[in-house]
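These notes are about the structure you will find just below.
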Amino acid sequence: MTDFHPYFTHDGSVGLYSPQFNDIYHSATGALTEAYEKFIYPSDIENLMTKESIKVLDICYGIGYNSKSFLNYILENFCQKNFSKYSFSTNSHIASIDTDKINKGNIANYIGKVYGDNISTNSVDKISSKSNQCNVSIYGDKVLPKIYIKAVDFDKFLSQLSPFIKTGVKKIDNSHLDFEYSIINKFLNSDTKIKYKKINNLINYLILSKIIEKSPEILENQDLISVLDNQKYNRFLDDKIISLFEYYRFKMSKNTSKLHFRSFLHNIYYKYVSKGYKSGLKRYNLQDVEFELKNDDARNVIINDNNLYDLIFLDAFTPSKCPCLWSYDFFKLLFEHLETDGKILTYTTSAAVRGAMVEAGFFIGNIYNEREKKFTGTIATKNKSLIKYPLSEFDLGLLKTKAGIFYRDENLTALNEAILARRNEDVKNSTRMSTSKYRKQAIGEFNSSVIN
Ligand SMILES: C[S@@+](CC[C@H](N)C(=O)[O-])C[C@H]1O[C@@H](n2cnc3c(N)ncnc32)[C@H](O)[C@@H]1O
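If you read the sequence shown in the working numbering, its first letter stands for residue 416, the second for the next number, and so on.
This is the structure we're talking about:
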């Protein structure tokens, strides 16, 4: 059985813990908030919306927060205009159209009993009208750019689980966690309030249907099915998306008579509710979004890829645990896959990573977090004018110390352990200034400039 250790982060979205890396996949403050703050807001999506197409490479897709937030941002900020263009009543929401019919036949109660899902009230998330909030001046009456997302992660189970993950849960229950991790314990005792966010279920539906379309074997993935069926994980997973998944499964299978009844109910569910999702995507012009999942080592996938990307989200585990995705050689590979005005976004501020980016030919800058009022990541680009927050003199100097010695992986095939060992050797043999000496010197210079 695959390792799966979920908990609720502070914004009501689900975070994961990896015993293998003894690391958390997401910030305990808020998995979804982190995706928005580190990847989506600094992407400057408004500018990208003027293009005919947008290509996104999501490296280390995990349970998909970065891709889903990207699509959710577009849905919330740019699709409302389309919605009114299709002259729909701006106060209606998709669910009301379809589930009203179901209620009349009282079928919803059956389905509710079988699947524990009260679809009569809220089958598809409400998308309230925000047409007055949409970015009309930029977007005008244009149709959406063609969107293509390539998502890469070698953990197939997690990728396939991504559309089922809950966000926006208000009543957070983190009792009975099956793992210990001090950062999470600290968070559990904290009372910082984060405004909770939610991924619209239309986006989860979109991801699920794209995965099924390209990899129908997901319907027989026993690891996935046993997690979806396991009561222990109920509170972390969305039962509406699970119901749809079950429908697809039963549609595929040759039914016994008992299953026939379930299948019949699923048919009803699908006919009305899934139809709602489908027409939802169409109305929001999202039906043509291309989403491709690649479950392999990211180095391998990118070597065999010919695209140029507008955005690259790089969300690997911390460099000291997963250096193969932070090496100079990997950034050289990414350089070849980035548009002239493209951006690589990442949460790390590590000098070794920044050093590698600069050596590979990028201009780099900070990512500024408005909520925390501090720099929380790095942006790399080929176009210097896209850098809003350049590195300070101190940070630039840091890249020339031992801390800035980067990871090497010439053939893009080395194991993490080997890459780490090699860098340790490089640091040991280097004549560069030690980072602690550099810091002391910088503090000394600062103090004397204050005194003088
Ligand atoms: C910090 S998590 C990513 C979280 C993710 N962005 C999300 O929204 O859930 C790191 C991910 O990197 C993946 N990973 C680690 N090494 C990899 C490699 N060499 N190639 C592809 N994926 C890798 C892991 O499977 C894990 O899902």
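We put the beta carbon where it would ideally sit given N, CA and C, even for glycine. Given the structure is predicted, the values throughout are model-derived calculations rather than measurements.
task: Would you decide whether residue 470 is buried or exposed? Buried here means 16 or more other CB atoms lie within 10 Å of its CB.
output: buried
field: Residue from 820, 623 and 444 whose Cα sits closest to the Cα of residue 655
entry: 623
field: Which of helix, strand or coil DSSP assigns to residue 852
entry: Shown here, residue 852 sits in a helix according to DSSP, grouped into three states.
task: Select from 614, 594 and 667 the residue whose C-alpha is nearest the C-alpha of residue 627.
output: 667
message: For a test of your reading of the model: does the CB of residue 478 fall under 7 Å from any non-hydrogen atom of ligand 1? Yes or no.
response: yes
field: Sequence-distant residues of its chain with Cβ nearer than 7 Å to residue 457 (five each side left out)
entry: 760, 782 and 794
field: Contact check, residue 805 vs residue 770, beta carbons under 8 Å
entry: no
- prompt: In terms of alpha-carbon separation, which member of 568, 573, 843 and 652 lies closest to residue 816?
  reply: 843
query: residue 567 lies in the beta strand (DSSP E); which residues open and close that run?
result: 561-567
- prompt: Any heavy atom of ligand 1 within a distance shorter than 7 Å of the CB on residue 771?
  reply: The answer is no for residue 771.
message: Can you find the residues in the same chain that come closer than 7 Å, C-beta to C-beta, to residue 550, ignoring five residues on each side of it along the sequence?
response: Because residue 550 carries a pLDDT of 38, less than 50, the predicted location of this residue cannot be relied on, and the following value inherits that uncertainty. Excluding residues within five positions, the ones whose Cβ falls inside 7 Å are 461, 492 and 493.
task: Kindly list the residues whose CB is nearer than 6 Å to the CB of residue 594, restricted to its own chain and excluding five residues on each side of it in sequence; keep chain order.
output: 420 and 432
message: Restricting to Cα atoms, I'd like to know which of 630, 590 and 632 is closest to residue 651.
response: 590
Limits of the alpha helix (DSSP H) - the one that residue 732 falls within: Counted as a single uninterrupted DSSP element, the stretch harbouring residue 732 is not any alpha helix (DSSP H), since DSSP gives it neither H nor E.
- request: Measure the beta-carbon distance from residue 616 to residue 588 and round it to whole angstroms, keeping in mind my assumption that it falls under 8 Å.
  value: Not confirmed; about 21 Å, so no contact.
Backbone CA spacing between residue 837 and residue 826 [nearest angstrom]: 14 Å
- request: Look at the alpha carbon of residue 597 and the alpha carbon of residue 438, and state the distance between them as a whole number of angstroms.
  value: Cα to Cα, residue 597 sits roughly 10 Å from residue 438.
- request: Report whether the distance from the Cβ of residue 824 to the nearest heavy atom of ligand 1 is below 7 Å.
  value: False, no ligand heavy atom lies under 7 Å from that Cβ.
- prompt: Taking the C-alpha atoms as reference points, what is the distance between residue 665 and residue 659?
  reply: 10 Å
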